[in-house]
Amino acid sequence: MALGTEILDGGGAVRLTWPDGFAARFHAVWLRDNALDPETRAPGNGQRLIAVGDIPRDIRIGAAEGGDDLSVTFTPEGKTVAFPAPWLRAHAYDRRESRVPGWLSETAETWRGGLAVPSADFARLESDREALGGWLEAVRRYGFAKVTGGPVKSGALMRVAGLFGYVRETNYGKWFEVRTEVNPTNLAYTGLGLQAHTDNPYRDPVPTMQILYCLENSAEGGESMVVDGFAAALRLRDEDARGFDLLSRYCARFEYAGSAGVRLTARRPMIELAPDGELIGVRFNNRSTAPIVDVPYEDMAAYYGAYRRWAEIIDDPAMAVSFRLSPGESFLVDNTRVMHARKGYSGAGSRWLQGCYPDRDGLLSTLASIEDGAREAAE
Ligand code: FE2
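The letter at position 114 of the sequence shown is residue 104 when you use the numbering used here, and the numbering goes up by one with no holes.
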């Protein structure tokens, strides 16, 4: 099952062909930079020991031999290194498909109303690493998940965060109380219904995840709703490509100055694309959108048209998944993607939630480490 090799461009690249017909080209400079030998990569921590400037400007592939692995000799160094064929295949970059703006990572899956709420039991998540992996995978895929059966105790939300990562402290504290206050510093601390939104778009960097943890919920109303901001953005793109382009090309402004000594501002688009068009984030919050001044006069009316249409899509009940939190239940939401909302509440009874902002990098790191462990166990 030998790998086929063909040296291209006078040694500037090599084309590899796998026995099943899969083929990919790799550049000499790319292979040299990513060599896996112990002089290029530190054996213990896997970090690179060379800098790009250490690679000869005239690097070439002098010889390439394909067995189970690929063996490459670089000139003028005269250095020979081996690459496992599965590693090369997993890192192939010679793709042909063109990516349309708004393309998604393959780990994300968009949804609308009707999605069964991903959920897991708190005690199980604390004791069973495989169950934790499954729950974190659901968060990566859908951008939210619920936890049931947690302690009805102030601060218990920190134990949910501790399952996978670390909490970011802000001017609202390490965690904050979400309940009706007499002189609220934020409309979240009232009984008003809140339109679907992402939290704190006025922060840079924005909080990447949020936990909302229920301690009391006997008031009339107050149901929680989530909307997939990626699904809403792609629906806008499919209905109105120009509107999608306007909301992703121009920055909006966001601001919060609701309590003494705090004035947070950020300038970011409502729909954020990576430079190659990957959809990587959404920001939507009617309460904290500041005057938008980065859209040229000629485009402002069309920009507002797109903003209005996007808001209509977000408000469309067909996009929302609703659930009611009981004491000891919580949900984790990817604040760069999924919007959350609550229905207004009033009357007798009370509603008391606590919230905090863990970071997503820690969650993805924990998940990747669980997945690596599962892969190693299977091998
Ligand atoms: Fe919120």
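Backbone N, C-alpha and C fix where the C-beta goes; we use that ideal spot for every residue, glycine too. On a predicted model such as this, the values are computed, not experimentally measured, just so you know.
{"Query": "Ala178 CB to nearest heavy atom of the ligand FE2 below 7 Å", "Result": "yes"}
{"Query": "Same chain only: Cβ atoms within 6 Å of Arg350, ignoring 5 sequence neighbours per side", "Result": "Thr198, Met199"}
{"Query": "Contact between the stretch 238 to 254 and the stretch 163 to 171 (3+ Cβ pairs under 8 Å)", "Result": "no"}
{"Query": "Exposure of Trp125, with buried meaning 16 or more beta-carbon neighbours within 10 Å", "Result": "buried"}
{"Query": "Arg79 versus Phe73: straight-line alpha-carbon distance, rounded", "Result": "10 Å"}
{"Query": "Asp305: CB within 7 Å of a non-hydrogen atom of the ligand FE2", "Result": "no"}
{"Query": "Assigned secondary structure, Tyr179 (DSSP; H/G/I helix, E/B strand, else coil)", "Result": "helix"}
{"Query": "Sub-8 Å separation of Gly123 and Ile360 beta-carbons", "Result": "yes"}
{"Query": "Residues of its chain near Arg243, where Cβ-Cβ distance is below 8 Å and the 5 sequence neighbours each way are ignored", "Result": "Thr255, Ala256, Arg257, Thr279, Ala280, Pro281, Ile282, Val283, Asp284"}
{"Query": "Buried versus exposed, by CB contacts within 10 Å (16 or more), Gly152", "Result": "exposed"}
{"Query": "Val272 and Thr188 closer than 8 Å at C-beta", "Result": "yes"}
{"Query": "DSSP bridge partner residues for Asn207 (one or two, in chain order)", "Result": "Arg341"}
{"Query": "Local conformation of Thr138 per DSSP, three classes", "Result": "strand"}
{"Query": "Gly1 vs Ile45 beta-carbon contact at 8 Å", "Result": "no"}
{"Query": "Residue range of the unbroken alpha helix (DSSP H) whose run includes Gly233", "Result": "231 to 239"}
{"Query": "Same chain only: Cβ atoms within 7 Å of Thr30, ignoring 5 sequence neighbours per side", "Result": "Arg38, Leu39, Ile40"}
{"Query": "Val376 - DSSP class collapsed to helix/strand/coil", "Result": "What is shown of the chain runs -9 to 369, which leaves residue 376 out entirely."}
{"Query": "Cβ contact check for the stretch 138 to 153 and the stretch 212 to 227: 3 or more pairs under 8 Å", "Result": "no"}
{"Query": "Between the CA atoms of Ala264 and Glu96 - distance to the nearest angstrom", "Result": "15 Å"}
{"Query": "Rounded C-alpha distance that separates Glu55 from Trp20", "Result": "17 Å"}
{"Query": "Backbone CA spacing between Asn375 and Ile261 [nearest angstrom]", "Result": "Nothing about residue 375 can be read from this structure; the chain reaches only from -9 to 369."}
{"Query": "Beta-carbon spacing of Asp324, Phe134 below 8 Å", "Result": "yes"}
{"Query": "Where the beta strand (DSSP E) through Met309 begins and ends", "Result": "Premise fails: Met309 is in no beta strand (DSSP E) and is neither H nor E."}
{"Query": "Straight-line gap, Ile49 to Tyr83 (C-alpha atoms, nearest Å)", "Result": "19 Å"}
{"Query": "His81 CB to nearest heavy atom of the ligand FE2 below 7 Å", "Result": "no"}
{"Query": "Coarse secondary structure for Phe16, derived from DSSP in three states", "Result": "strand"}
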